[in-house]
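Below is one structure, written out as structure tokens; the observations come after it.
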Amino acid sequence: MEAVIRHKWDLSITDAVSLQKELATKVQIIKPTSKIRYIGGIDCAPSHDKLRYFAAAVVWDLEHHELMEYHLAEAPITFPYIPGLLSFREIPAILEVVKNIKHIPDLLIVDGHGIAHPRRFGIACHLGVLLDMPTFGCGKSLLFGKYNEPSIERGSISPLMVKNTNTIIGNVIRTRTKVKPVIVSVGNKIDLETATELTLSCSGKFRLPEPTRLADNLVAQKETKNIYLVN
DNA sequence: GCGACAG
DNA sequence: ATCTTGTCGC
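Going by the working numbering, the first sequence opens with residue 39, and the numbers climb by one from there.
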């Protein structure tokens with residue numbers, strides 16, 4: 039897999055913001071026509087020396103509940119961490135790791151947000167637009183928007199809204215009873231309903247959807263030689 | 001001006 | 001993201 043749209047990454051803050059606004063016009067919110075079976079999970083983490091970023095990618099077969107492949111890659115850090123501009127820090131490493139994928143996934147779940155973002159262009163949107171494929175974001179904490187706490191049981195869903203409007207930008211989903219909910223929002227070429235269904239069908243035993251959890255697990259061992267992906 | 005603020 | 005062990009509760 040590789041990007042169909044390319045751009046510079048060593049940008050100023052203001053240039054990065056204007057690029058987001060430009061690329062945000064390319065986001066497509068549509069219901070996928072074909073069946074989604076292979077789901078990619080993406081997660082990142084900085085190296086201990088803070089000089090590089092690692093990215094992990096896994097491909098999960100939703101039908102057989104099995105891991106198809108996993109990869110780890112890295113790239114130099116060229117951007118500071120600024121809320122709202124996370125993608126400029128992480129995507130260079132992600133583009134490196136997705137180059138290695140053999141079983142092209144039908145969709146990617148990204149650790150972070152999609153349109154639940156101040157300019158409706160979180161990392162899941164950015165990656166989805168560059169790769170021109172379906173993506174959605176599954177965040178562990180809130181960046182933007184307002185919501186009422188969903189009920190305590192697994193499967194409870196509460197809409198994420200733009201403050202003081204009736205615009206829905208995501209769903210806050212309880213993937214396990216009595217566990218902190220995750221925040222799901224459209225990245226590209228998908229709709230919120232499908233993203234929500236997939237989040238629930240990929241989780242149950244753990245808080246995070248399986249592809250994301252496995253990628254999390256993998257990137258946590260970035261600076262280790264032996265990797266153990268099995269729980 | 002003040003507070004909020006993905007990973 | 002990361003610094004960090006055992007411990008409480010389902």
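Glycine included, C-beta positions come from ideal geometry on N, C-alpha and C.
Quick caveat, the model's predicted, so the values are computed rather than measured.
How long is the line joining the alpha carbons of G272 and R212, rounded to whole angstroms?
-> Beyond the ends of the chain as shown, which are 39 and 269, falls residue 272; an answer cannot be given.
Any chance the stretch 118–136 sits against the stretch 190–205, with 3 or more Cβ pairs inside 8 Å?
-> no
Residue span of the beta strand (DSSP E) that contains F174, given as start and end = Locating residue 174 in the first sequence gives position 136, counting from the first residue. 173–177 is the span of the beta strand (DSSP E), which, as asked, contains F174.
Which partner residues of L146 appear in the DSSP bridge assignment?
-> Counting from one through the first sequence, the residue named residue 146 turns up at place 108. Bridge partners of L146: G78, T173.
Assign F182 to one of three DSSP states: helix, strand, or coil.
-> Here the question's residue 182 lines up with position 144 in the first sequence. Residue state, collapsed to three classes: coil.
Hey, how far is the Cα of L100 from the Cα of L246?
-> Sequence index remark: in the first sequence, residue 100 carries index 62 (1-based). Sequence index remark: in the first sequence, residue 246 carries index 208 (1-based). Going by the C-alpha atoms only, they are around 14 Å apart.
Nearest candidate by alpha-carbon position, reference L230, set N209, L238, T215, E248 | Reading the first sequence from its first residue, position 192 is the one you call residue 230. Residue N209 is the option with its Cα nearest to L230.
So the alpha helix (DSSP H) R127 belongs to, where does it begin and stop?
-> On the first sequence, position 89 is the one that residue 127 refers to. First-last of the alpha helix (DSSP H) with R127: 125–136.
Check whether the Cβ atoms of A94 and V220 lie closer than 8 Å to each other.
-> As a first step, residue 94 must be located in the first sequence, where it is residue number 56. As a first step, residue 220 must be located in the first sequence, where it is residue number 182. Not a contact, by the Cβ cut-off of 8 Å.
Within the stretch 197–236, ranges of the beta strand (DSSP E) (whole runs, at least 3 residues) | 206–211, 220–226
Rounded straight-line distance, which links the Cα of S223 to that of L236 | In the first sequence, counting from the first residue as 1, residue 236 sits at position 198. In the first sequence, counting from the first residue as 1, residue 223 sits at position 185. For L236 and S223, the distance between alpha carbons rounds to 12 Å.
Bridge partners - V96, DSSP secondary structure assignment = Position 58 of the first sequence, counting from 1, holds the residue named residue 96. Partner(s): G79, Y108.
Sorted by chain position, which residues of the same chain lie with C-beta nearer than 6 Å to R251's C-beta, five sequence neighbours on each side aside?
-> Stepping through the first sequence from its first residue, residue 251 is reached at position 213. Cβ neighbours of R251 beyond the five flanking positions: F244.
Use the C-beta contact count for V167: other C-beta atoms within 10 angstroms, 16 or more gives buried, fewer gives exposed.
-> As a working mapping, residue 167 is identified with position 129 in the first sequence. It is buried - the Cβ of V167 has at least 16 other Cβ atoms within 10 Å.
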